[in-house]
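Colleague:
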C-alpha cells in the first residue's frame, strides 16, 4: 500500500477523540482541565537527512520538526520522548539534543535506543508533548472564504542550504520552530499549520481540509534567493501558514500572501491559475 | 558509544521532573491534578522480530510492549502514537493494530509513516500514554529489605514459541500486557517493573536501582516447559516483577519467587548464589 492508502487504513481504526481524524499534524488530549497537544514524527537517514550528516544536526532537526508541529498549534512544549538508533557519533547526537532542548527550554521525558544491523539506515523518532495556550487549538481545516492567507517566516533558505549555499546551510540543518510566533498567532487564526512539505502542497492541503480554494499571490511570498517558484515547493523552512479573518493585524511579523475563496474547481491557485508540476515533497 | 554509555549521556541532559533520571521504563507528568504515564519503545526487523513476520504480529507486539510498560506503572491506557515504516503488507500491519487496540480499548492519537530505502530493515516506534490509577506510581527503585519478591505471569512460553513449539508460538508473537493486573497490584507494591529482558537481568536491575540484593528461589518461579534456567533469562513473556512488604496478599494471581535482602556483594542471588552467564537480553 502507498502512504496515502496506509493512512486511510489507519483512519478506520479506533481513533482518540482528539485525533482529528488523523487529518492534522498533532492530536489533542483534554485532561484535568488542561489540553495537551501530542505529535510524533520520525526522520531517517537517506530520506530526511543525508548520510554523513553530523549527528548533532540530526538530533536538532528531529526535535525541531516536532516542536514546529507544536508551534502550529500554539502549544508550549512540556517535553519530548526520543527513539534513537545507536550510531557512530552518538555523543554528537546527544550534544545536538542538548542544544535544541536548551534552545527551546524543553526537557527530556525518556525514550529508547535500538541497535540496528550494521549498514542499516538509522531511524529516529520523537514524540513532543505540549500544553495548549489557546482553545480551540488551531487546525488546518478552519480556513473560511474571505480569510486572508498569511505566512510567518520565510521560504527558500533551507533549499539554498541543501543545494550548497554555505550561507544558508544552517537554515537547512537547524530549522527554527516558530514556537513564540505560534503562541502569539493562535488566538487570532481560523486555521494554522507548519509548512513542512512545501508551501503549495501544504496550502492545497489546508484548502482541501477546509473545503475552500486558496489563491496565493506569488510576488507576496517572502523568499530567500531568486527562485521563487521552487522555493514555494520546498518545505524545510518550517514557516507557519495561517488563515485569518479580514482585518487581522498580525501580532508578530507575518506576510499576507493570498486569500481564501469559496471552493472552486481547484483547491489551489497561484495568481489565479492552477499550478502545474509537483507542489512539494510527496511522501510514499 | 555503547547503549549504556549513550543512555548515560542522555541522563546528563535537561530531564523532565517525571523522567526519574531515565532509570525507569516510563515517565510521569503531572497535569491538571492528574498524573500521566508516558513511555516509548521501538522495535526493528531482525532485532526485535524476524524478517518475514506477519505484519499483524509486528503491530501487536509494538503496542503490547508499550502497554506492558504502562501495566508496570498501574496505568490505564489513554492512547498511542505510532511511527511506522511503509512495508509490504501494510494492510496486515493495520489489521494487527486494530486487534491490539481493540483488545485493550486503546485509541490511536496519531503518528507518522516513513518510506525507507528498499531492503532497509523496518523500524516501528510507539508512544503510549496512560493515566496513573494510583499515586505514587510504582518504580523499579522502591524494593526494600524484608520485601517479598513476586511474579505475576509465567515465564518460558515465549521462548518455546520462538524456538519452534507451535503451541507456544502465540505467546511469543502476541504478548499480553498485564494491564488489569498492574492496576490491581499498584497500590500494594514497593517496586514494580515488567520482565522484558529476562527475569534475572530485570531483577538485578531492580536490586541495583533499589540498593538491595534480591534472592530468587528458582523452584518457585512459574515456568512453561522444563528449562527453568533458560526461561529465567528470557524476556518476551512480559510478566510483572514486584516487591511487596511482608504479609502482602496478591489481589490477582501471583507467585512469591524470592525475597529482598540488604545490599550485599552481589545484586542478585539465585538460591543464595550469584548466577553465572548472561542474565538476559543485553542491549547494545
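Chains as they are written, first to last, in the working numbering: chain A, 2 to 285; chain B, 2 to 285.
All C-beta atoms, glycine included, are put in the ideal place defined by N, C-alpha and C.
Since we're looking at a predicted model, the values are computed, not measured.
1. Mapping DSSP to helix, strand and coil, what is residue 130(A)?
2. From which residue to which residue does the alpha helix (DSSP H) around residue 174(B) run?
3. Note down, in chain order, each residue of its chain lying with its Cβ closer than 8 Å to the Cβ of residue 17(A), except the 5 sequence neighbours on either side.
4. What are the uninterrupted segments assigned as alpha helix (DSSP H) that are 4 or more residues long and contained completely in the region 215-277 of chain B, given in chain order?
5. Would residue 7(B) count as contacting chain A if we go by Cβ distances under 7 Å?
6. If you drop the 5 nearest sequence neighbours on each side, which residues of the same chain put their C-beta closer than 7 Å to that of residue 265(B)?
7. Helix, strand or coil for residue 200(A)? Go by DSSP, reduced to three states.
8. Should residue 285(A) be flagged as near chain B, meaning a C-beta pair shorter than 7 Å?
9. So, residue 270(A) versus residue 205(A), is the Cβ gap smaller than 7 Å?
10. Got a sec? Which residues, its chain only, sit under 7 Å from residue 80(B) by beta carbon, not counting five neighbours each side?
11. Across the region 32-40 of chain B and the region 32-39 of chain A, are there enough close Cβ pairs to call them in contact, namely three or more that are closer than 8 Å?
12. Touch check for the region 142-149 of chain A and the region 239-252 of chain A: three-plus C-beta pairs under 8 Å?
13. 7 Å is my cut-off, CB to CB: does residue 33(A) come that close to chain B?
14. Tell me the residue span of the beta strand (DSSP E) that contains residue 43(A).
15. Are the region 224-240 of chain A and the region 160-180 of chain A touching, with three or more C-beta to C-beta distances below 8 Å?
16. List, in order along the chain, the chain A residues whose C-beta lies closer than 7 Å to that of residue 99(B)?
17. Counting C-beta neighbours from all protein chains within 10 Å, is the total for residue 225(B) 16 or more, i.e. buried, or is it exposed?
18. Count the other C-beta atoms from every protein chain shown that fall within 10 angstroms of the C-beta of residue 139(B), then say buried if there are 16 or more, exposed otherwise.
19. Leaving out five residues on either side along the sequence, give the residues of the same chain with a beta carbon under 6 Å from the beta carbon of residue 98(A).
20. For residue 68(A), return the contacting residues in chain B, with the cut-off set at a CB-CB distance below 8 Å.
21. Quick one: any contact between the region 85-93 of chain B and the region 194-205 of chain B, if contact means 3 or more CB pairs under 8 Å?
22. What is the DSSP secondary structure of residue 78(A), counted as helix, strand or coil?
23. Is residue 43(A) closer than 7 Å to residue 142(A) when the C-beta atoms are compared?
24. Let me know the alpha helix (DSSP H) ranges lying completely inside the region 46-100 of chain B, each 4 residues or longer, listed in chain order.
25. I'd like to confirm the pairing. Which residues does DSSP put opposite residue 32(B) in its beta bridges?
26. Is there at least one Cβ from chain A nearer than 7 Å to residue 41(B)'s Cβ?
27. Touch check for the region 109-126 of chain A and the region 118-128 of chain B: three-plus C-beta pairs under 8 Å?
28. Residues in the region 107-126 of chain A with C-beta within 7 Å of chain B's C-beta atoms, listed in sequence order?
29. Under the assumption that residue 133(B) contacts residue 122(A) (Cβ atoms under 8 Å), give the Cβ distance between them as a whole number of angstroms.
30. Using a Cβ-Cβ cut-off of 6 Å (strictly less than) and excluding sequence neighbours within five positions of residue 185(B), which residues of its own chain qualify?
31. Taking Cβ-Cβ distances below 8 Å as the criterion, which residues of the region 70-88 of chain A are in contact with chain B?
32. Going by DSSP, which residues form a beta bridge with residue 115(A)?
33. Output the boundary residues of the alpha helix (DSSP H) element that contains residue 192(A).
Modeller: Working from what's here:
1. The sequence position of residue 130(A) within the first chain is 129, counting from 1. Here residue 130(A) sits in strand by DSSP.
2. Against the second chain, residue 174(B) aligns to sequence position 173. 170-174 is the span of the alpha helix (DSSP H), which, as asked, contains residue 174(B).
3. Taking the first chain and counting its residues from 1, one reaches residue 17(A) at position 16. Once the five neighbours on either side are set aside, the close Cβ partners of residue 17(A) are 28 and 30.
4. List check, alpha helix (DSSP H) in window: 229-232.
5. As a working note, residue 7(B) is residue 6 in the second chain. Yes, because at least one Cβ of chain A sits closer than 7 Å to the Cβ of residue 7(B).
6. For the purposes of this step, residue 265(B) is identified with residue 264 of the second chain, where counting begins at 1. For residue 265(B), where only same-chain residues beyond five positions count, the Cβ hits under 7 Å are 214.
7. As a first step, residue 200(A) is located in the first chain; it is residue number 199 there, counting from the start. Residue 200(A) falls in the helix class under three-state DSSP.
8. Here residue 285(A) corresponds to residue number 284 of the first chain, with the count starting at 1. Residue placement at residue 285(A) is poorly supported in this model, since its pLDDT is 37, which falls under 50; the coordinates still yield a value, given next. Yes, its Cβ sits closer than 7 Å to a Cβ of chain B.
9. Taking the first residue of the first chain as 1, we reach residue 270(A) at position 269. Taking the first residue of the first chain as 1, we reach residue 205(A) at position 204. Result no, Cβ atoms of residue 270(A) and residue 205(A) do not sit closer than 7 Å.
10. Residue numbering aside, residue 80(B) sits at position 79 when the second chain is read from its first letter. Around residue 80(B): 107, 108, 109, 110 and 130.
11. yes
12. yes
13. As a working mapping, residue 33(A) is identified with position 32 in the first chain. Interface residue, yes.
14. The residue given as residue 43(A) occupies position 42 in the first chain. Counting along the chain, the beta strand (DSSP E) containing residue 43(A) begins and ends at 35-45.
15. yes
16. If you number the second chain from 1, residue 99(B) lands on position 98. In chain order: 14.
17. Start at 1 with the first residue of the second chain, and residue 225(B) comes out as number 224. Label assigned to residue 225(B): buried.
18. The count along the second chain starts at 1 and reaches residue 139(B) at position 138. That one is buried.
19. Mapped onto the first chain, residue 98(A) falls at position 97. Residues 60 of the same chain have their beta carbon placed closer than 6 Å to that of residue 98(A), with the five preceding and five following residues left out of the count.
20. Within the first chain, numbered from 1, the residue matching residue 68(A) stands at position 67. Those within 8 Å of residue 68(A) in chain B number zero; the least Cβ separation is about 14 Å.
21. no
22. Here residue 78(A) corresponds to residue number 77 of the first chain, with the count starting at 1. In the structure shown, residue 78(A) sits in a strand (DSSP, three-state: E or B).
23. Numbered from its first residue, the first chain carries residue 142(A) at position 141. Numbered from its first residue, the first chain carries residue 43(A) at position 42. No.
24. 56-72
25. If you number the second chain from 1, residue 32(B) lands on position 31. For residue 32(B), which the question treats as bridged, DSSP gives the partners 35(B).
26. If you number the second chain from 1, residue 41(B) lands on position 40. It does: the Cβ of residue 41(B) has a partner Cβ on chain A nearer than 7 Å.
27. yes
28. 108, 109, 110, 111, 112, 113, 114, 115, 116, 117, 118, 121, 122, 124 and 126
29. As a working note, residue 133(B) is residue 132 in the second chain. As a working note, residue 122(A) is residue 121 in the first chain. No, residue 133(B) and residue 122(A) are not in contact; Cβ-Cβ is about 37 Å, not under 8 Å.
30. Taking the first residue of the second chain as 1, we reach residue 185(B) at position 184. 252 and 253.
31. 79, 80, 82, 83, 84, 85, 86 and 87
32. By one-based count along the first chain, residue 115(A) stands at place 114. Answer by DSSP bridge pairing, in chain order: 86(A).
33. For the purposes of this step, residue 192(A) is identified with residue 191 of the first chain, where counting begins at 1. Here residue 192(A) belongs to no alpha helix (DSSP H); instead the beta strand (DSSP E) covers 192-195.
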